[in-house]
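Worksheet for the structure shown next.
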Amino acid sequence: MIEDRLRARTNGALMRAAGLIARTSVTPNTLTVLGFLGMVVAGVLCASGSFFPAGLVVAASCAFDALDGALARASGAVSVFGAFLDSFLDRYAEAAVYAGMLIHYAGVGPTWGVGATFAAAIGSLMVSYARARAEGLGVACRAGLFARPERIAVIIVGLVTGLVLPALVVLAVATNATAARRLLYVRGATLPPSRPPQSP
Numbered sequence: 020m021i022e023d024r025l026r027a028r029t030n031g032a033l034m035r036a037a038g039l040i041a042r043t044s045v046t047p048n049t050l051t052v053l054g055f056l057g058m059v060v061a062g063v064l065c066a067s068g069s070f071f072p073a074g075l076v077v078a079a080s081c082a083f084d085a086l087d088g089a090l091a092r093a094s095g096a097v098s099v100f101g102a103f104l105d106s107f108l109d110r111y112a113e114a115a116v117y118a119g120m121l122i123h124y125a126g127v128g129p130t131w132g133v134g135a136t137f138a139a140a141i142g143s144l145m146v147s148y149a150r151a152r153a154e155g156l157g158v159a160c161r162a163g164l165f166a167r168p169e170r171i172a173v174i175i176v177g178l179v180t181g182l183v184l185p186a187l188v189v190l191a192v193a194t195n196a197t198a199a200r201r202l203l204y205v206r207g208a209t210l211p212p213s214r215p216p217q218s219p
């Protein structure tokens, strides 16, 4: 997955930056909340049709999202609640951007933009839910392509280039396809092993 490749390539730089931040009083949870608030601002900008600045804000918010975990490791502040808060606010953050787009297209059209936004939002949430639910059942599930980093990348590109509707169509199709892929993966992982045929 792209997430693994990005993490491997950027881990060194993130840890160096986190080491500097660790000398301050900033906590990992503070970065998590700041990243979330940035995404809320991006959603408000999307609602007003200010897509380019919204894309820049989403990109900046991703820096906070990437640094919170690195800061937790660098400062020895790794916690179960911190990991939960990060995942919890990630869902709301992504939904805030989709909500802004939905409000925009509901007001100025085209009408099908509302449907594309809704489908992309539902697909994005189901991708994350499928992984969380599967792991809650003891099945590691990272199947499919469109995890959160891929989705955010498409959102940023769509916003800064003005190709928001094409980006939403890509997200609507790809996220729901990824959710379906995870459904099939979990089904295969949980099927009972086949029994060898018994000799007469």
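Using my numbering, count along the sequence shown one by one with no gaps and you end on 219.
Note that beta-carbon positions come from the ideal geometry of N, C-alpha and C, so glycine has one too.
Residues L50, L53 and G54 of the same chain have their beta carbon placed closer than 6 Å to that of F83, with the five preceding and five following residues left out of the count. A73 is not a Cβ neighbour of L86, given a cutoff of 8 Å. Residue burial is scored here from C-beta neighbours: A162 has at least 16 other C-beta atoms within 10 angstroms and is therefore classed as buried. Counting along the chain, the unbroken alpha helix (DSSP H) around S106 starts and ends at V99 to V127. Judged by DSSP in its simplified three-state form, L50 adopts helix. Boundaries of the alpha helix (DSSP H) harbouring G134: T130 to G155, taken from the DSSP string. Contact check for M145 and A89: beta-carbon distance about 28 Å, past the 8 Å limit, so the pair fails to qualify.
In this structure, L187 lies near M120, with their beta-carbon atoms less than 8 Å apart.
Taken through DSSP and simplified to helix, strand or coil, T197 comes out as helix.
Membership of V179 in the alpha helix (DSSP H) is indicated by the continuous run R167 to T180. Shortest Cα-Cα distance from V60 to any of V133, S80, W131 and T43 involves S80. Rounded to whole angstroms, the separation of the alpha carbons of L156 and I175 is 33 Å. Going by beta carbons, Y204 and C160 fall inside the 8 Å limit.
For the pair A149 and N195, the CB atoms are not nearer than the 8 Å cut-off.
Linking V158 to L108 through their CA atoms gives a straight-line distance of about 23 Å.
The residues C160, in chain order, have a CB closer than 7 Å to that of E154 in the same chain once the five nearest residues on each side in sequence are set aside.
When S94, A102, V183 and F165 are compared, the shortest CA-CA separation from Y117 is found for V183. Bounds of the alpha helix (DSSP H) holding A85 are F70 to S94.
The alpha-carbon separation between A114 and L202 amounts to approximately 22 Å.
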